[in-house]
Amino acid sequence: MKRARLIYNPTSGREEMKRRLADVLQRLDEGGIEASCHATTGEGDATRAAIEAIERGYDMIIAAGGDGTLYEVINGMAERENRPPLGVFPLGTTNDFARALGIPKHWEDYCDLVIRQNPKPLDIGKANDRYFINIAGGGTLTELTYEVPSKLKTMIGQLAYYFKGMEKMVSLAPQELIIKASGQEVIHDEFMLFLIANTNSVGGFEKLAPGATIDDGLLDVIAVRKCNLAEMIRLVTLALRGEHLQDKKIVYFKTDYMEVTSPGYVQLNLDGELGGTLPATFRNLPHHLNVFR
């Protein structure tokens with residue numbers, strides 16, 4: 001019988017895993033997977049739990065929560081030489097990664113997917129000494145994902161991000177960036193934000209990086225040049241339809257390595273979590289993890 005370590009955030013998805021835990025464990029057990037649980041208790045706990053699971057020789061790790069929980073688990077696994085397959089129960093507010101990979105929303109279906117034991121390789125990104133599986137970025141608007149209180153996300157879900165986004169849009173300011181990337185000329189300009197996508201689903205926008213795939217060895221880079229509020233709203237409207245990449249205010253390219261610096265203070269967002277500040281180097285790590293999908 002296979003052994004799994006289920007690392008779950010008890011507050012994600014309006015506490016769905018707390019309600020379904022017994023059912024999930026029973027379904028896995030009936031499928032030949034003996035699972036034990038770890039409920040996260042705070043920031044960094046999922047990372048420590050993932051490291052411990054590898055050290056204890058579990059056959060697989062299952063992350064149950066939102067993109068933040070997955071981010072922490074990835075950072076516990078990425079530098080280990082022996083990386084067991086990873087399962088992802090999408091229980092958070094946006095679940096960008098799960099949406100991009102078409103991971104089943106219902107717990108029964110995803111249990112069955114894990115039970116079939118057919119993990120597939122995928123790329124992850126590295127930003128300085130941290131890892132991300134879905135998105136990295138910088139700029140004022142990218143800060144909203146980690147500024148929204150967890151209690152508000154639990155109460156109203158995706159609307160919490162929309163409310164915070166409207167608040168941020170009013171005070172958007174450009175920042176001077178210098179971007180150096182493999183296969184590209186140096187870009188030195190003022191930008192509202194930049195995004196580095198590993199999948200096509202970012203912040204609930206399923207067409208923001210339509211050409212991004214999880215296993216091509218490349219990162220999709222999107223940067224928004226200096227613009228006013230009306231222009232930003234227009235770009236958001238275009239992005240909802242996937243028609244933004246040809247706009248003159250957008251810089252778009254693919255690369256496996258990039259350096260970003262700024263004379264100012266720019267915070268980084270990694271999978272929705274605070275990821276330090278510029279300067280930063282970003283690289284793609286091809287086929288670094290095996291995920292049930």
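Sequence positions in the sequence shown follow full-length UniProt numbering and run 1 to 293. All C-beta atoms, glycine included, are put in the ideal place defined by N, C-alpha and C.
Item: Same chain only: Cβ atoms within 8 Å of I250, ignoring 5 sequence neighbours per side; Value: I222, A223, V224, R225, L235, H244
Item: Same chain, Cβ closer than 7 Å to P263, five either side skipped, listed in chain order; Value: E176
Item: Cβ pair count under 8 Å reaching 3, the region 264-278 against the region 133-142; Value: yes
Item: Start-end ranges of the alpha helix (DSSP H) lying completely within the UniProt domain "DAGKc" (1-131), minimum 4 residues; Value: 16-30, 45-55, 67-77, 96-101, 107-115
Item: T237, enclosing alpha helix (DSSP H) - first and last residue; Value: 229-240
Item: Burial state of M155, where buried means 16 or more other Cβ atoms lie within 10 Å; Value: Any reading at M155 is ruled out, since the residue's pLDDT is 43, under 50, leaving its predicted position unreliable.
Item: Y131 beta carbon less than 7 Å from that of N200; Value: no
Item: Neighbour-count burial assignment, T11, 16 or more Cβ in a 10 Å radius; Value: buried
Item: Environment of T237 [buried if 16+ CB atoms lie within 10 Å]; Value: exposed
Item: Proximal residues to I196 (C-beta, below 6 Å), its chain only, five neighbours per side dropped; Value: A136, L219, V221, F282
Item: Whether N134 touches T69 by CB criterion (7 Å); Value: no
Item: Cα-Cα separation, N198 to R27; Value: 31 Å
Item: Beta-carbon proximity list for T261, same chain, < 7 Å, skipping 5 on both sides; Value: I178, L278, P279
Item: Three-way DSSP call (helix, strand, coil) for T199 in this model; Value: coil
Item: Backbone secondary structure at T140 - three-state DSSP; Value: helix
Item: Neighbourhood of A98 by C-beta distance below 7 Å, restricted to the same chain and skipping five residues each side; Value: V88, P90
Item: Supposed close pair T255, A181 - CB separation, criterion 8 Å; Value: 4 Å
Item: C-alpha gap between C227 and I54, whole angstroms; Value: 47 Å
Item: Rounded separation between Y252 and E81 - CA only; Value: 34 Å
Item: H288, DSSP secondary structure in three states; Value: strand
Item: Beta-carbon spacing of G217, P121 below 7 Å; Value: no
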